[in-house]
Structures are given as structure tokens and as C-alpha cells.
Amino acid sequence: MNLFPLDDGSEDGPLYEGDLDTDPVSESQARASRDGREFDLDAFAYLEQAGATIVERYVRVDGYPLDALVEGLNGARFYVDAHGSPDRTVRPQAGMRRQDTVLKFGYKALYLAKQGVAQPLLLITSHMPSAHLSAGRILRDLANTGALWDAAAVTGDLAGFQRLHQYFTSTPPCDQPIPAPWRETVTQLTLDAVDPLGDPEEF
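Residue numbers for the sequence shown follow full-length UniProt numbering, so the first one is 1 and each next one is one higher.
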């Protein structure tokens, strides 16, 4: 005879997790993922306005994820990687202004270029980095190696939109990238201020 009944674990009652703290990292990652998919829709619409047709969304090229394969009215095809936020507020670490985001994108771009993928790579973002920051330098280096065909922001970048329109509509298609301000070399480089606790971004 037991003075206190023992629980043999046979009852499958609901587990109580009310005392567990919310994981802030998981919440941050989920928010970044939602924002990334929402921005993808903005990027697709922007490309269509410039004269492209979305041939395929969320493609994998040699195992690496890209957001789209597009085709212009002139038959020219491009792979597209979109990085950004649906929030158009000017922020120092939005879009491609984070050094770690540009480095992750750059690794993928360089790898695909080394594999000799069939289509050039376009980058569409919500915020381009300033030319004097290291993130801007990385984009220029990617362009100089041939890994990145061109980059444009969905707002405040009329010249970028015009370049995209020419890529998609010119006959014959462009056989080389059009000169762009973000490609211009600056004489002084400033290292980006990286927030180690900043929101993670989609690879």
C-alpha cells in the first residue's frame, strides 16, 4: 500500500508549456522569412513592369536557391536573386546594406559563375548599399568578376529600372552590362557597422 499514488504515465493529458519563454530568434527568423517572401512579390512585379516575364519562381541552380528565371520581350533570359524588405523606410541595414547579407549573396554568385551557368544574374533589392561602404565594394567586385550582371532597387532607382527595361526589350539583346553608378570605383572605403543582434536575412 502506497501512501501517495504514483503516476504511471498512462494518462495522455495536454502538456503545459505556458511557462516557456518565447524564442526571440525563431520569431525574428519567421518575420524575416515573411518579409522576404513579401518583397519577392514586389520584385516580380517590378521586373514585369520593366518588360520581363517570370518563367519560373524559386528555382534551384546547381543546388543553390534563386528567386526567379525571367525572360525579356527580346528572348534574353536572366536568373534573379531578390533581397529586401517591403518596408521602404530608409534604414542603414536594410536590403543589401548589411555586409553579411552581401557576403552570403556574393558566395552564391561567385559559385554559380564558376560553374558557368547559362544565364546572367540580376540582383533586385529594396535598398542598395552606399558606394563608399564595404557592401558597395563587394557588389562592385562581383560585377568586375562577371558574377553579377546588374543590380537595381525597386524604389528610388529610375536609372536601374531603365537598364532593366533595355535588357528585356533591346534588339538585339545586350551583350554586356550597361554602365551603372553602383559600379563606379570610390577612392575611400568605409567599413560597414554590423549589428550582431540584427535580424537574420534569407540566404
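Think of the CB as a built atom: it goes at the ideal place given N, C-alpha and C, for glycine as much as any other residue.
Since the model is a prediction, treat every value here as computed from it, not as a measurement.
Under DSSP, the beta-bridge partners assigned to A68 are R57 and V80.
Around the CB of H127, 16 or more other CB atoms lie within 10 Å, so the residue is classed as buried. Just so you know, the alpha carbons of G72 and D100 end up roughly 31 Å apart.
Beta-bridge partners of D150 (DSSP): L122. For H165, the enclosing alpha helix (DSSP H) starts and ends at L158 to T169. Note: A52 is bridge-paired with G72 in the DSSP secondary-structure output. Residue burial annotation: T125 is buried, with at least 16 other C-beta atoms found within 10 angstroms of its C-beta. Within a 10 Å sphere around the beta-carbon of V70 sit 16 or more other beta-carbons, which makes this residue buried. In this structure, DSSP gives T155 a state outside helix and strand, which the three-state scheme calls coil.
For the 9 Å CB-CB criterion, Y79 and L142 do not form a contact. Annotation: S85 to R57 spans about 18 Å, alpha carbon to alpha carbon.
Assignment of D42 by DSSP, reduced to helix, strand and coil, places it in the helix class. Assigned with DSSP and collapsed to three states, R97 falls in coil, not helix or strand. Excluding its 5 nearest sequence neighbours in each direction, Y64 has C-beta neighbours in its own chain below 8 Å: K108, Y111 and L112, listed in chain order. Here I138 carries a helix assignment [DSSP, helix/strand/coil]. Excluding the 5 residues flanking it on each side, Y46 has same chain C-beta neighbours closer than 7 Å at I124 and V154, in chain order. Going by C-alpha positions, L41 is about 19 Å away from R77.
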